[in-house]
Ligand code: AMP
Ligand code: GLY
């Protein structure tokens, strides 16, 4: 097979991890990252391209000019807006679901109704566009609830109310005050589940799937799972899940989801990410995402023993060979270094020091997230989550020690991170 050129869309830690792993493939000649970050700017085989992730005409023109053989899409926004459909119409293969299949993430009301149609284990729920009807349901519900904006809200659309007035305020904010924009004009009120959370991701080709190691994210900003939710302050893999539990997840959740989407004429190609709660009654779906997780990808890809390009290419062409997807018997852990103020308004433009020393650590890779190169070639902060300091080892304890040792060598003004990623007390 001739070597391929890849166009990768996105600019976070997830995309740096994808670029790094794709660059290891002997089948990949070059990776164009649009728009990328300082990490992808310096990665082997990679070139950043200053194009926006939803500017289809410019991206398609660029992909044609450069002879791109595969487009890989990181974030949910371009997927939900139809990136894969646009590239397909232009005859360019792209890895990811179509807009219709991406509704599994882009509309929580669609996702819950879909799960109900196929008997996929889920909390009790109801969807509303009318405030009075939502309020009446809330008053009647004899279970603790979670309120969700149905549309994409960058991880901020889920409210787990501590008291009844908070639930009412959330409904008002979404349905009356329009504070979540179109995303909040429909809400899902659902039963609050109890248990341990786990992220299970699978490569899918429309019909078949290959499971990735289970991962655990740490969403709250402060140690001990306190403070507001973030995009994710760290992760590790594999998360505890024995063979029987994994088989249950595939048989009751992932496989029926793939079969249902195919039966409805919207076969799912791409990464299907199931956010699950391990309840006393078995695993139940908190949410589906239509893409790789961030920072889950940073801990999953270092464990992949197979060629990532082959897997993504096979999925995009409907020919995944699950038996060819193999994993190292090892563990990986990632700690996110965030900017002062994150997850609220945060600083940017600060110089990051110590990156070379961190890169020299054994079993460590510093994935960049919100970073940029200045005119003098210095790396500066440019986002809320700045670095995803990742390490791997024989077991979680070794990966954890290596990640925190590497973290102690990097610094920027106001940097903060959690010191309890991958410890028993955190989740
Ligand atoms: P989501 O974006 O839907 O995964 O929600 C973000 C976070 O909210 C999840 O990771 C859970 O911690 C929490 N959450 C969402 N739905 C529920 C639920 N039904 N019960 C309990 N917690 C939930
Ligand atoms: N880490 C959570 C997500 O990617 O949605």
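Numbering (this note's numbering), first residue to last: 45 to 471. C-beta: ideal position from N, C-alpha, C; glycine also. None of these values were measured; they are calculated from a predicted model.
| Query | Result |
| --- | --- |
| Using a Cβ-Cβ cut-off of 6 Å (strictly less than) and excluding sequence neighbours within five positions of residue 205, which residues of its own chain qualify? | 211 |
| How many Å lie between residue 460 and residue 264 at the Cα? | 13 Å |
| Work out the CA separation of residue 365 and residue 115 for me, nearest whole Å. | 20 Å |
| Could you say if the stretch 252–260 and the stretch 275–295 meet the contact criterion of at least three C-beta pairs nearer than 8 Å? | yes |
| Confirm the yes/no value for this check: CB of residue 57, any heavy atom of the ligand GLY, distance under 6 Å. | no |
| According to the Cβ coordinates, are residue 290 and residue 240 closer than 7 Å? | no |
| Between residue 357 and residue 437, what straight-line distance do the alpha-carbon atoms span, to the nearest angstrom? | 29 Å |
| The alpha helix (DSSP H) with residue 319 in it runs from where to where? | Element bounds for residue 319: not the alpha helix (DSSP H) but the beta strand (DSSP E), 313–323. |
| Taking Cβ positions, are residue 51 and residue 112 nearer each other than 7 Å? | yes |
| Go through its chain and collect everything with a Cβ distance to residue 110's Cβ below 7 Å, but skip five positions before and after it. | 49, 76 |
| Output needed for residue 270: all residues of its chain with C-beta closer than 8 Å, excluding positions within five of it in sequence on either side, in chain order. | 264 |
| Is residue 376 buried or exposed, if buried means 16 or more other CB atoms sit within 10 Å of its CB? | buried |
| Between the C-alpha atoms of residue 84 and residue 429, what's the straight-line distance to the nearest angstrom? | 16 Å |
| Which stretch, first to last residue, makes up the beta strand (DSSP E) that contains residue 382? | 375–382 |
| Can you have a look at residue 452 and say buried or exposed, based on whether 16 or more other CB atoms are within 10 angstroms of its CB? | exposed |
| Could you please give me the residues that DSSP links to residue 409 through a beta bridge? | 434 |
| When the Cα atoms are used, what is the spatial distance from residue 208 to residue 184? | 12 Å |
| Specify the secondary structure class of residue 53 as computed by DSSP and reduced to three states. | strand |
| When the Cα atoms are used, what is the spatial distance from residue 348 to residue 59? | 16 Å |
| For the stretch 140–152 and the stretch 330–345, state whether three or more C-beta atom pairs, one from each stretch, are separated by less than 8 Å. | yes |
| Does the count of Cβ pairs from the stretch 138–149 and the stretch 305–324 closer than 8 Å reach three? | yes |
| Could you work out which residue in 199, 108, 292, 287 is closest to residue 224 when comparing CA atoms only? | 199 |
| Name the residue from 317, 413, 296 whose alpha carbon lies nearest to the alpha carbon of residue 148. | 317 |
| With hydrogens ignored, establish whether the beta-carbon of residue 339 is closer than 6 Å to any heavy atom of the ligand AMP. | no |
| Can you tell me whether residue 78 is helix, strand or coil according to DSSP? | strand |
| At the level of alpha carbons, what is the spacing between residue 301 and residue 128? | 20 Å |
| Go through its chain and collect everything with a Cβ distance to residue 469's Cβ below 6 Å, but skip five positions before and after it. | The predicted position of residue 469 is uncertain, since its pLDDT is 46 and thus under 50; a value taken from the coordinates is nonetheless stated next. Excluding positions up to five away in sequence, the list is empty. |
| Assuming contact is defined by CB atoms lying nearer than 7 Å, are residue 35 and residue 53 in contact in what I supplied? | Since the displayed the chain opens at 45 and closes at 471, residue 35 lies outside it and no answer follows. |
| Sorted by chain position, which residues of the same chain lie with C-beta nearer than 6 Å to residue 82's C-beta, five sequence neighbours on each side aside? | 412, 415, 416, 417, 423 |
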